[in-house]
Amino acid sequence: MEPGASALVLAVGGDTLISVASILEDHKRDRPMALDLLWQVLQRGQEISKRDWKVLRVAITELRDSTYIGRLFFGDADTGNLVWDCDCRPSDGCWLALKMMKQSGSPDSIVIATEEAVTNPLTSIRGDEPEPLKRLKREMGVALHEEDYATAARIRDHPFMQLHMRILEHRKNNRVDAANSMERELEDLINQQSSPDRQEG
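Residue 127 in full-length UniProt numbering sits at position 127 of the sequence shown, with consecutive numbering throughout.
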(Lines of atoms letter the chains of each structure in order from A and count residues from 1; the text may use other names and numbers.)
(Lines give C-alpha, C1' and ligand atoms only; values in the text may rest on other atoms or scores of the structure.)
Protein backbone atom coordinates (compact mmCIF):
# COMPACT_ATOMS: atom_id res chain seq x y z
CA MET A 1 0.00 0.00 0.00
CA GLU A 2 1.37 3.41 -0.99
CA PRO A 3 2.14 6.00 1.71
CA GLY A 4 -0.80 8.31 2.30
CA ALA A 5 -3.26 5.97 0.61
CA SER A 6 -6.57 5.34 2.36
CA ALA A 7 -7.92 1.88 3.15
CA LEU A 8 -11.07 0.22 4.40
CA VAL A 9 -10.70 -2.53 7.00
CA LEU A 10 -13.14 -5.42 6.58
CA ALA A 11 -13.98 -7.89 9.34
CA VAL A 12 -13.97 -11.43 7.94
CA GLY A 13 -15.23 -14.41 9.90
CA GLY A 14 -16.68 -17.89 9.61
CA ASP A 15 -16.07 -20.04 6.54
CA THR A 16 -14.85 -17.08 4.50
CA LEU A 17 -12.04 -16.41 7.00
CA ILE A 18 -10.99 -20.07 6.83
CA SER A 19 -11.06 -19.97 3.01
CA VAL A 20 -9.00 -16.76 2.81
CA ALA A 21 -6.46 -18.10 5.32
CA SER A 22 -6.16 -21.34 3.34
CA ILE A 23 -5.24 -19.41 0.18
CA LEU A 24 -2.72 -17.16 1.92
CA GLU A 25 -1.12 -20.09 3.75
CA ASP A 26 -1.32 -22.39 0.70
CA HIS A 27 -3.20 -24.97 2.77
CA LYS A 28 -5.28 -27.66 1.06
CA ARG A 29 -8.37 -28.80 2.94
CA ASP A 30 -9.64 -32.38 2.92
CA ARG A 31 -13.23 -31.36 2.16
CA PRO A 32 -14.47 -28.51 -0.06
CA MET A 33 -16.32 -25.58 1.47
CA ALA A 34 -19.07 -23.42 -0.04
CA LEU A 35 -16.63 -21.02 -1.70
CA ASP A 36 -14.72 -23.95 -3.21
CA LEU A 37 -17.99 -25.07 -4.80
CA LEU A 38 -18.50 -21.56 -6.18
CA TRP A 39 -15.02 -21.69 -7.68
CA GLN A 40 -15.71 -25.01 -9.37
CA VAL A 41 -18.99 -23.71 -10.83
CA LEU A 42 -17.26 -20.61 -12.20
CA GLN A 43 -14.46 -22.68 -13.71
CA ARG A 44 -16.94 -25.03 -15.35
CA GLY A 45 -18.97 -22.11 -16.66
CA GLN A 46 -15.85 -20.67 -18.24
CA GLU A 47 -15.10 -23.99 -19.95
CA ILE A 48 -18.65 -24.29 -21.32
CA SER A 49 -18.77 -20.69 -22.55
CA LYS A 50 -15.28 -21.05 -24.07
CA ARG A 51 -14.46 -17.54 -22.91
CA ASP A 52 -11.38 -16.66 -20.91
CA TRP A 53 -13.01 -14.27 -18.45
CA LYS A 54 -11.46 -13.42 -15.10
CA VAL A 55 -12.23 -11.25 -12.09
CA LEU A 56 -11.31 -7.78 -13.30
CA ARG A 57 -12.32 -5.92 -10.19
CA VAL A 58 -13.85 -6.28 -6.74
CA ALA A 59 -15.49 -3.14 -5.38
CA ILE A 60 -17.55 -2.00 -2.43
CA THR A 61 -20.23 0.04 -4.16
CA GLU A 62 -22.82 0.74 -1.49
CA LEU A 63 -23.58 0.94 2.22
CA ARG A 64 -27.12 -0.42 2.57
CA ASP A 65 -28.83 -0.71 5.99
CA SER A 66 -25.43 -0.63 7.75
CA THR A 67 -24.14 -3.42 5.49
CA TYR A 68 -21.37 -3.08 2.90
CA ILE A 69 -22.46 -4.32 -0.54
CA GLY A 70 -19.73 -5.60 -2.84
CA ARG A 71 -19.73 -6.19 -6.57
CA LEU A 72 -17.72 -8.57 -8.74
CA PHE A 73 -16.78 -7.57 -12.27
CA PHE A 74 -15.84 -10.36 -14.70
CA GLY A 75 -14.34 -9.87 -18.13
CA ASP A 76 -11.46 -10.41 -20.55
CA ALA A 77 -8.19 -10.05 -18.67
CA ASP A 78 -6.26 -9.03 -21.82
CA THR A 79 -8.63 -6.37 -23.16
CA GLY A 80 -10.32 -5.34 -19.91
CA ASN A 81 -13.73 -5.67 -21.56
CA LEU A 82 -16.49 -6.35 -19.02
CA VAL A 83 -18.59 -9.49 -19.61
CA TRP A 84 -20.85 -9.53 -16.55
CA ASP A 85 -21.05 -8.40 -12.93
CA CYS A 86 -22.98 -9.30 -9.79
CA ASP A 87 -23.46 -8.36 -6.12
CA CYS A 88 -21.41 -10.17 -3.50
CA ARG A 89 -20.28 -9.99 0.09
CA PRO A 90 -17.02 -7.98 0.08
CA SER A 91 -15.21 -10.77 1.95
CA ASP A 92 -16.31 -13.37 -0.61
CA GLY A 93 -15.25 -11.05 -3.43
CA CYS A 94 -11.79 -10.67 -1.90
CA TRP A 95 -11.52 -14.44 -1.56
CA LEU A 96 -12.40 -14.97 -5.22
CA ALA A 97 -9.91 -12.32 -6.35
CA LEU A 98 -7.18 -13.93 -4.22
CA LYS A 99 -8.04 -17.33 -5.68
CA MET A 100 -7.68 -16.04 -9.24
CA MET A 101 -4.47 -14.20 -8.36
CA LYS A 102 -3.08 -17.44 -6.94
CA GLN A 103 -4.06 -19.34 -10.08
CA SER A 104 -2.74 -16.81 -12.60
CA GLY A 105 0.37 -15.81 -10.69
CA SER A 106 -0.17 -12.20 -11.79
CA PRO A 107 -1.59 -10.23 -8.85
CA ASP A 108 -1.10 -6.95 -10.73
CA SER A 109 -3.93 -7.92 -13.10
CA ILE A 110 -6.53 -7.70 -10.34
CA VAL A 111 -7.46 -4.59 -8.43
CA ILE A 112 -9.25 -4.86 -5.09
CA ALA A 113 -10.63 -1.43 -4.31
CA THR A 114 -13.53 0.56 -3.01
CA GLU A 115 -15.46 2.52 -5.60
CA GLU A 116 -15.60 5.47 -3.27
CA ALA A 117 -14.50 6.27 0.25
CA VAL A 118 -17.06 4.66 2.53
CA THR A 119 -17.18 5.20 6.27
CA ASN A 120 -19.23 3.13 8.67
CA PRO A 121 -21.90 5.37 10.25
CA LEU A 122 -22.22 2.89 13.11
CA THR A 123 -18.66 3.63 14.27
CA SER A 124 -17.71 7.05 12.85
CA ILE A 125 -18.15 9.75 15.49
CA ARG A 126 -18.90 13.43 14.91
CA GLY A 127 -18.12 16.00 17.57
CA ASP A 128 -21.67 17.36 17.78
CA GLU A 129 -23.32 13.99 18.40
CA PRO A 130 -24.92 13.27 21.81
CA GLU A 131 -22.61 11.55 24.27
CA PRO A 132 -24.82 8.42 24.66
CA LEU A 133 -24.69 7.93 20.87
CA LYS A 134 -20.91 8.37 20.84
CA ARG A 135 -20.64 5.77 23.60
CA LEU A 136 -22.70 3.29 21.58
CA LYS A 137 -20.48 3.86 18.54
CA ARG A 138 -17.33 3.28 20.58
CA GLU A 139 -18.84 0.05 21.92
CA MET A 140 -19.74 -0.94 18.35
CA GLY A 141 -16.16 -0.35 17.23
CA VAL A 142 -14.85 -2.64 19.97
CA ALA A 143 -17.46 -5.32 19.21
CA LEU A 144 -16.60 -5.34 15.49
CA HIS A 145 -12.86 -5.38 16.22
CA GLU A 146 -13.32 -8.39 18.51
CA GLU A 147 -15.76 -10.01 16.02
CA ASP A 148 -18.43 -10.10 18.75
CA TYR A 149 -21.31 -9.97 16.29
CA ALA A 150 -24.01 -10.73 18.86
CA THR A 151 -23.06 -7.58 20.78
CA ALA A 152 -22.72 -5.62 17.53
CA ALA A 153 -26.25 -6.64 16.53
CA ARG A 154 -27.61 -5.61 19.94
CA ILE A 155 -25.95 -2.18 19.65
CA ARG A 156 -27.16 -1.77 16.06
CA ASP A 157 -30.75 -2.41 17.19
CA HIS A 158 -30.57 0.08 20.08
CA PRO A 159 -33.29 2.77 19.70
CA PHE A 160 -30.66 5.55 19.62
CA MET A 161 -28.79 3.83 16.79
CA GLN A 162 -31.95 3.05 14.84
CA LEU A 163 -33.07 6.69 14.98
CA HIS A 164 -29.56 7.87 14.09
CA MET A 165 -29.47 5.67 10.98
CA ARG A 166 -32.85 6.97 9.86
CA ILE A 167 -31.63 10.55 10.35
CA LEU A 168 -28.58 9.86 8.17
CA GLU A 169 -30.77 8.29 5.50
CA HIS A 170 -33.01 11.37 5.44
CA ARG A 171 -30.00 13.68 5.18
CA LYS A 172 -28.52 11.56 2.39
CA ASN A 173 -31.75 12.02 0.42
CA ASN A 174 -31.98 15.76 1.21
CA ARG A 175 -35.05 15.33 3.42
CA VAL A 176 -33.90 18.07 5.78
CA ASP A 177 -37.18 18.64 7.63
CA ALA A 178 -37.62 14.93 8.36
CA ALA A 179 -33.99 14.67 9.53
CA ASN A 180 -34.35 17.69 11.84
CA SER A 181 -37.60 16.31 13.27
CA MET A 182 -35.96 12.96 14.02
CA GLU A 183 -32.95 14.68 15.60
CA ARG A 184 -35.33 16.37 18.03
CA GLU A 185 -37.00 13.00 18.62
CA LEU A 186 -33.60 11.43 19.35
CA GLU A 187 -32.71 14.25 21.74
CA ASP A 188 -36.02 13.83 23.58
CA LEU A 189 -35.53 10.07 23.80
CA ILE A 190 -32.03 10.48 25.21
CA ASN A 191 -33.28 13.00 27.77
CA GLN A 192 -36.07 10.63 28.82
CA GLN A 193 -33.62 7.74 29.22
CA SER A 194 -31.26 9.85 31.33
CA SER A 195 -33.88 11.63 33.46
CA PRO A 196 -33.72 11.02 37.28
CA ASP A 197 -37.25 9.57 37.33
CA ARG A 198 -36.31 7.04 34.68
CA GLN A 199 -33.10 6.08 36.48
CA GLU A 200 -34.93 5.62 39.80
CA GLY A 201 -37.61 3.50 38.09
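All residues carry an ideal CB built from backbone N, CA and C; glycine is no exception.
Predicted, not measured: the structure shown is a model, and the values here were computed from it.
Among residues of its own chain, excluding the 5 on either side of Asp-130, which ones have a beta-carbon nearer than 6 Å to its beta-carbon? Taking the first residue of the sequence shown as 1, we reach residue 130 at position 130. The question names Asp, but residue 130 is Pro in the sequence shown. Excluding sequence neighbours, Pro-130 sits near Ile-190.
Tell me, to the nearest whole angstrom, how far the beta carbon of Asp-85 is from that of Phe-73; I am working on the premise that it is less than 8 Å. Walking along the sequence shown from the start, residue 85 turns up at place 85. Walking along the sequence shown from the start, residue 73 turns up at place 73. Correct: roughly 5 Å between the Cβ atoms.
I need the boundaries of the alpha helix (DSSP H) containing Leu-163, first residue and last residue. Position 163 of the sequence shown, counted from the first residue, corresponds to residue 163. Run containing Leu-163: 159 to 172, per the alpha helix (DSSP H) assignment.
Whether Pro-121 touches Leu-168 by CB criterion (8 Å): Looking up residue 121 in the sequence shown gives position 121. Looking up residue 168 in the sequence shown gives position 168. It is a contact, given that the beta carbons lie within the stated cut-off.
Tell me the residue span of the alpha helix (DSSP H) that contains Gly-45. Numbered from 1 along the sequence shown, position 45 holds the residue referred to as residue 45. Element bounds for Gly-45: 34 to 49.
In whole angstroms, give me the CA-to-CA distance for Arg-156 and Trp-53. Position 156 of the sequence shown, counted from the start, is the residue given in the question as residue 156. Position 53 of the sequence shown, counted from the start, is the residue given in the question as residue 53. C-alpha separation (whole angstroms): 39 Å.
Own chain partners of Lys-134 with C-beta closer than 7 Å, once the 5 adjacent residues on each side are dropped: Locating residue 134 in the sequence shown gives position 134, where the first residue counts as 1. Ile-125.
Of the choices Gly-70, Arg-89 and Asp-76, whose alpha-carbon is the least far from that of Lys-50? Along the sequence shown, one-based indexing puts residue 50 at 50. Per the Cα distances, Asp-76.
Leu-17 to Leu-38, Cα distance in whole Å? Counting from one through the sequence shown, the residue named residue 17 turns up at place 17. Counting from one through the sequence shown, the residue named residue 38 turns up at place 38. Rounded to the nearest angstrom, the two C-alpha atoms are 16 Å apart.
Taking the alpha-carbon positions, what's the Pro-159 to Asn-180 distance? Translated into positions along the sequence shown, residue 159 becomes position 159. Translated into positions along the sequence shown, residue 180 becomes position 180. Each residue's Cα considered, the two are about 17 Å apart.
Any idea which residues DSSP pairs Cys-88 with across the strands? Here residue 88 refers to the residue found at position 88 of the sequence shown. Paired residue(s): Gly-70.
Name the two residues that bound the continuous beta strand (DSSP E) containing Arg-64. Translated into positions along the sequence shown, residue 64 becomes position 64. Unbroken beta strand (DSSP E) run through Arg-64: 53 to 64.
As a quick exercise: from Thr-123, Val-55 and Gly-70, pick the residue whose alpha carbon is nearest that of Cys-88. Residue mapping note: residue 88 aligns to position 88 of the sequence shown, counting from 1. Comparing Cα positions, the closest option is Gly-70.
Closest Cα partner of Asp-128 within the set His-164, Tyr-68, Gly-141 and Tyr-149: In the sequence shown, counting from the first residue as 1, residue 128 sits at position 128. Out of His-164, Tyr-68, Gly-141 and Tyr-149, His-164 has the C-alpha closest to the C-alpha of Asp-128.
If you measure between the beta carbons of Leu-144 and Ala-152, is that distance less than 8 Å? By one-based count along the sequence shown, residue 144 stands at place 144. By one-based count along the sequence shown, residue 152 stands at place 152. Against a cut-off of 8 Å, the Cβ pair of Ala-152 and Leu-144 comes out as a contact.
Candidates Met-33, Asp-26, Leu-24 and Arg-29: which alpha carbon is nearest Asp-15's? Taking the first residue of the sequence shown as 1, we reach residue 15 at position 15. For the residues Met-33, Asp-26, Leu-24 and Arg-29, the minimum Cα distance to Asp-15 belongs to Met-33.
Judging by CA-CA distance, which residue of Gly-80, Arg-57 and Cys-94 is the nearest neighbour of Leu-24? Reading the sequence shown from its first residue, position 24 is the one you call residue 24. The candidate whose alpha carbon is nearest that of Leu-24 is Cys-94.
Name the residue from Asp-78, Leu-82, Glu-185 and Ala-21 whose alpha carbon lies nearest to the alpha carbon of Leu-96. As a first step, residue 96 must be located in the sequence shown, where it is residue number 96. Of the listed residues, the one whose Cα sits closest to Leu-96 is Ala-21.
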